[in-house]
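Colleague: Dropping a structure here in structure tokens format, bear with me for questions.
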């Protein structure tokens with residue numbers, strides 16, 4: 002592929018049922034595999050010259066996102082942060098502005114995080130104003146930037162919601178357990194994507210869930226990308242030890258392994274922009 006590194010900077014990911022409680026309990030921390038955090042001295046591959054990649058995203062809102070900025074910067078990567086807050090205030094806006102200033106994409110995730118499937122069709126016009134249009138207008142004014150990516154609370158959607166939301170956003174994103182892979186052509190053509198969970202719940206043997214060691218999950222996903230040249234969308238919430246968060250160590254494991262294998266890690270807007278530019282040049 003042609004080198005488009007100087008141009009990468011822009012675009013963002015339901016169909017699976019995610020029934021666990023979004024608030025979540027803290028799970029006792031177990032010993033985790035550590036990762037060598039020293040960045041390889043050999044020159045990292047130009048992400049624009051590599052096929053496929055990891056599209057990284059985080060949902061809800063967490064002040065721990067501020068701690069992610071230097072960690073993501075260490076590896077030279079960006080992510081999409083889908084915010085859900087009942088009210089935009091100085092403290093959460095300051096976090097979003099820091100993320101945006103650092104090159105990350107901001108998406109929307111509703112005001113109150115409802116199960117959107119349970120909202121009666123007769124009430125959805127009112128709900129889309131309350132949960133999406135009105136707060137989104139305020140957020141755009143505060144950030145001085147358009148917001149074009151949406152993630153469904155709990156990853157739950159239906160065709161009616163999808164048609165309504167694609168009048169407001171250019172893409173929607175779901176959430177489930179199993180990775181789904183998208184070819185470059187699909188990335189150009191699709192408007193709805195489903196993210197695989199990076200949350201601690203699924204990578205700890207004491208969680209009561211079907212689990213897999215996190216390093217093994219990373220290896221399998223990266224191998225599939227390397228072999229197929231496709232994209233995968235991944236998602237978590239805050240950077241913490243909670244069930245519905247991802248530990249700092251696991252973030253580091255994922256990014257270090259991706260760097261070692263020469264796999265790009267991007268925000269959704271970056272992946273969109275890269276593939277649309279490549280398609281134009283073909």
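Numbering (this note's numbering), first residue to last: 2 to 283.
Glycine is no exception: its CB is placed at the ideal position from the N, C-alpha and C atoms.
Here's the rule I'm using: 16 or more other beta-carbon atoms within 10 Å means buried, otherwise exposed. How should residue 153 be labelled?
Modeller: Start at 1 with the first residue of the chain shown, and residue 153 comes out as number 152. Answer is buried; the Cβ neighbour count reaches 16.
Colleague: Hey, residue 272 and residue 202: beta-carbon distance below 8 Å or not?
Modeller: Mapped onto the chain shown, residue 272 falls at position 271. Mapped onto the chain shown, residue 202 falls at position 201. Their beta carbons are not under 8 Å apart, which means residue 272 does not touch residue 202 by this criterion.
Colleague: Mapping the DSSP letters down to three states, classify residue 183 as helix, strand or coil.
Modeller: Mapped onto the chain shown, residue 183 falls at position 182. Note: residue 183 maps to strand in three-state DSSP.
Colleague: Report the start-end ranges of each alpha helix (DSSP H) in the stretch 185 to 229 that is 4 residues or longer and not cut off at the edges.
Modeller: Restricted to the stretch 185 to 229, the alpha helix (DSSP H) segments that are unbroken, complete and at least 4 residues in length are 185 to 190 and 215 to 229, listed in chain order.
Colleague: Can you name, in chain order, every residue of its own chain whose Cβ lies under 7 Å from the Cβ of residue 127, other than the five neighbours on each side?
Modeller: In the chain shown, residue 127 corresponds to position 126, counting from 1. So the list is empty, once near-sequence residues are dropped.
Colleague: Count the other C-beta atoms from every protein chain shown that fall within 10 angstroms of the C-beta of residue 209, then say buried if there are 16 or more, exposed otherwise.
Modeller: Here residue 209 refers to the residue found at position 208 of the chain shown. The residue is exposed, with fewer than 16 neighbouring Cβ atoms inside 10 Å.
Colleague: Using DSSP bridges, identify the partner residues of residue 169.
Modeller: Start at 1 with the first residue of the chain shown, and residue 169 comes out as number 168. Paired residues: none, contrary to the question.
Colleague: Check this for me: beta carbons of residue 276 and residue 185, under 8 Å apart or not?
Modeller: Taking the chain shown and counting its residues from 1, one reaches residue 276 at position 275. Taking the chain shown and counting its residues from 1, one reaches residue 185 at position 184. Contact: yes.
Colleague: Counting only the same chain and skipping the five closest in sequence on each side, list residues whose C-beta sits under 6 Å from that of residue 132.
Modeller: Numbered from 1 along the chain shown, position 131 holds the residue referred to as residue 132. The residues are 111 and 112.
Colleague: For the candidate residues 182, 255, 158 and 54, whose alpha-carbon lies nearest to that of residue 115?
Modeller: Position 114 of the chain shown, counting from 1, holds the residue named residue 115. The candidate whose alpha carbon is nearest that of residue 115 is 158.
Colleague: Counting only the same chain and skipping the five closest in sequence on each side, list residues whose C-beta sits under 7 Å from that of residue 223.
Modeller: On the chain shown, position 222 is the one that residue 223 refers to. Only 258, 259, 262 and 264 meet the Cβ criterion.
Colleague: Please list, in chain order, all residues of the same chain as residue 220 whose beta carbon is under 8 Å from its beta carbon, the five residues on each side excluded.
Modeller: For this step, residue 220 is matched to residue 219 along the chain shown. Once the five neighbours on either side are set aside, the close Cβ partners of residue 220 are 258.
Colleague: Between the alpha carbons of residue 233 and residue 125, how many angstroms are there, rounded?
Modeller: If you number the chain shown from 1, residue 233 lands on position 232. If you number the chain shown from 1, residue 125 lands on position 124. Rounded to the nearest angstrom, the two C-alpha atoms are 31 Å apart.
Colleague: Among 194, 76 and 193, whose alpha-carbon lies nearest the alpha-carbon of residue 254?
Modeller: Within the chain shown, residue 254 is the residue found at index 253, counting from 1. If we check each option's Cα against that of residue 254, 76 comes out closest.
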